[in-house]
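Novice: Have a look at this one.
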Amino acid sequence: MLPEHIKQDFLILLKKIPTDRKWWVACSGGGDSVGLVYLITETNPSLLQGLLYFNHGQRTPTEIELDINIVSKISGELNIEMQIGQWDQPVHQASEDQMRSARYSYFQNFISTKKIYLLTGHNLDDQLETFLINLTRGAGLKGLSGISFYKETGIYRPLLNITRTQIREYLKEKEIGYNEDHTNYSTKFKRNSIRAELIPKLKELSTADFYSLIRRTFDLLKQDLEILENYQEQVLNKVATEDSEGYTIDLKKFMKLPTSLHRRVLRLASFKSGVGFLSHLQTQRLLELSYNQAGSELNCGKIYAFRHDNILYIRPARRM
Numbered sequence: 468m469l470p471e472h473i474k475q476d477f478l479i480l481l482k483k484i485p486t487d488r489k490w491w492v493a494c495s496g497g498g499d500s501v502g503l504v505y506l507i508t509e510t511n512p513s514l515l516q517g518l519l520y521f522n523h524g525q526r527t528p529t530e531i532e533l534d535i536n537i538v539s540k541i542s543g544e545l546n547i548e549m550q551i552g553q554w555d556q557p558v559h560q561a562s563e564d565q566m567r568s569a570r571y572s573y574f575q576n577f578i579s580t581k582k583i584y585l586l587t588g589h590n591l592d593d594q595l596e597t598f599l600i601n602l603t604r605g606a607g608l609k610g611l612s613g614i615s616f617y618k619e620t621g622i623y624r625p626l627l628n629i630t631r632t633q634i635r636e637y638l639k640e641k642e643i644g645y646n647e648d649h650t651n652y653s654t655k656f657k658r659n660s661i662r663a664e665l666i667p668k669l670k671e672l673s674t675a676d677f678y679s680l681i682r683r684t685f686d687l688l689k690q691d692l693e694i695l696e697n698y699q700e701q702v703l704n705k706v707a708t709e710d711s712e713g714y715t716i717d718l719k720k721f722m723k724l725p726t727s728l729h730r731r732v733l734r735l736a737s738f739k740s741g742v743g744f745l746s747h748l749q750t751q752r753l754l755e756l757s758y759n760q761a762g763s764e765l766n767c768g769k770i771y772a773f774r775h776d777n778i779l780y781i782r783p784a785r786r787m
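Take the sequence shown: its letters are residues 468 to 787, numbered as in my numbering.
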C-alpha cells in the first residue's frame, strides 16, 4: 500500500490535470503504467476513457503479444477502450532516443486526433535516471531538473513523486498482474546501466532517506527553472521584437544583459521564431554570430540567422 503522504502527493498532481477532456493512459503492460491505471480507478474512474499501447517493434512477437494481452485484459475488466499504436518504420536495434522520438510523435498525433489528455507512468526513479543521463551529456538547468509533470502537447505524469518500488508494492498488495520488459535489464542502454550499476552505489553513499533528498533536489531545481523561464520571457521582450518571419534582436541592448542570460534569450527567440529547440552546437554558433565572432550569417540545420549593423535576425532555415 502506498504510504498516506505519498498517496496525497499523487492526488495533488492528479488534481492538476484538467478534466475538460477524457484521460487515456499510455500503458505498456509494465508495472508503472499498470499501477497508474489502477490508482486512477481508485480516484477518478469516470475520467479514464482508454489505454494506449505503443509497439516499438524491438521485441519478439511473443513478448509483444504478452504485453497486449495484459493491456487488453485490463481494458476489458475496467470496460474502457484500448488502442494499439505501431512504429511505422522501426529501426533495427533502435537507440533509446529513436524509440522515444517515435513514441512521442505517435502520442502527439493521437492526442490531437482524439482530443484527450494522455497520462504516462514516469516515476521518481525515471526522474533520477534522466537527471544522470543528462548530466553525462553536459546539460543545463532544464536538463537537470528532471522530467516535467506537464508537456504542452497534453501529456501528464502524475507518478513523478512515487518510486518504482512503491508502485510494485502497491501492485503486490492489490494482487494486480503486470509484465516486466526484459530489455529493461539490458545494459546496452545507458539508462539501464545507470539503473543497475550507478544508482545502487549512490544509495550506498547516502546517509539519509535517499529518495527524499532526490525529491527535494528536483523541487528546488524546478522552482529555480520556473523563475528563470518567466524572467527570460520578460528580458526577451525588452531586447527583441517579433515580426512576420521570426525575431529581431537589438544587439546593443542584448550585450548589456548579464552573460548568463545570452544563451537563454537566443534559444527562446529561436523557439518562438518557429525554429524549435536548438542544440548546444547551434546555440554556440548563434552566440558567436551575436558577438560578431563568426561572420555575418548562420545557416545551421533548422536555423537561419544574420546580423546587419547591430541587429540580429533569427528565422527558420531557408529551404532550397
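C-beta: ideal position from N, C-alpha, C; glycine also.
Everything numeric in this text was worked out from a predicted model, so none of it was measured.
(1) Helix, strand or coil for Gln550? Go by DSSP, reduced to three states.
(2) Smallest Cα separation from Leu626: which of Gln594, Leu745, Asn646?
(3) Kindly list the residues whose CB is nearer than 7 Å to the CB of Arg734, restricted to its own chain and excluding five residues on each side of it in sequence; keep chain order.
(4) Since Asp717 contacts Val706 with CB under 8 Å, what's their CB separation in whole angstroms?
(5) Check whether the Cβ atoms of Thr715 and Tyr780 sit closer than 8 Å, and answer yes or no.
(6) Taking Pro725 as the reference, which of Gly741, Asp710, Leu695 has the closest Cα?
(7) Since Ile629 and Val501 should fall inside the 8 Å C-beta cutoff, what is the C-beta to C-beta distance between them, to a whole number of angstroms?
(8) Enumerate, from N- to C-terminal direction, the unbroken alpha helix (DSSP H) stretches of 4 or more residues contained entirely within the stretch 580-605.
(9) Could you pull the start and end residues of the beta strand (DSSP E) that Leu779 belongs to?
(10) Answer yes or no: do Asp686 and Asn590 have a C-beta to C-beta separation smaller than 8 Å?
(11) Can you check the stretch 497-559 for any alpha helix (DSSP H) of at least 4 residues that lies completely inside it and give the ranges in chain order?
(12) For Leu622, does the three-state DSSP call read helix, strand or coil?
(13) In terms of residues, what are the limits of the beta strand (DSSP E) holding Arg683?
(14) With Leu669 as the anchor, note down where its alpha helix (DSSP H) starts and where it stops.
(15) Could you pull out every unbroken beta strand (DSSP E) segment of at least 3 residues lying fully inside the stretch 714-761, listed in chain order?
(16) Helix, strand or coil for Ile473? Go by DSSP, reduced to three states.
(17) Quick one: residues in its chain with C-beta nearer than 6 Å to the C-beta of Asp776, no 5 flanking neighbours on either side, listed in chain order?
(18) Grab me the residues of Ser763's own chain with a C-beta within less than 7 Å of its C-beta, minus the 5 sequence neighbours each way, in chain order.
(19) Using alpha carbons as the reference points, say which of His729, Glu640, Tyr573 lies closest to Lys719.
(20) Within 8 Å of any Cβ in chain D, is that where the Cβ of Arg731 sits?
(21) Could you tell me the distance, in whole angstroms, from the CA atom of Lys482 to the CA atom of Lys489?
Specialist: Based on what the coordinates show:
(1) strand
(2) Gln594
(3) Leu745, Thr750
(4) 6 Å
(5) yes
(6) Leu695
(7) Actually they are not in contact, since the Cβ atoms of Ile629 and Val501 sit about 13 Å apart, beyond 8 Å.
(8) 591-603
(9) 778-783
(10) no
(11) 498-510, 528-545
(12) It is Ile, not Leu, that sits at residue 622 in the sequence shown. It is a strand residue.
(13) Premise fails: Arg683 lies in the alpha helix (DSSP H), 677-706, not in any beta strand (DSSP E).
(14) 666-672
(15) 714-717
(16) helix
(17) none
(18) Phe773, Arg774
(19) His729
(20) The displayed structure is made up of one protein chain only, and chain D is not part of it.
(21) 14 Å
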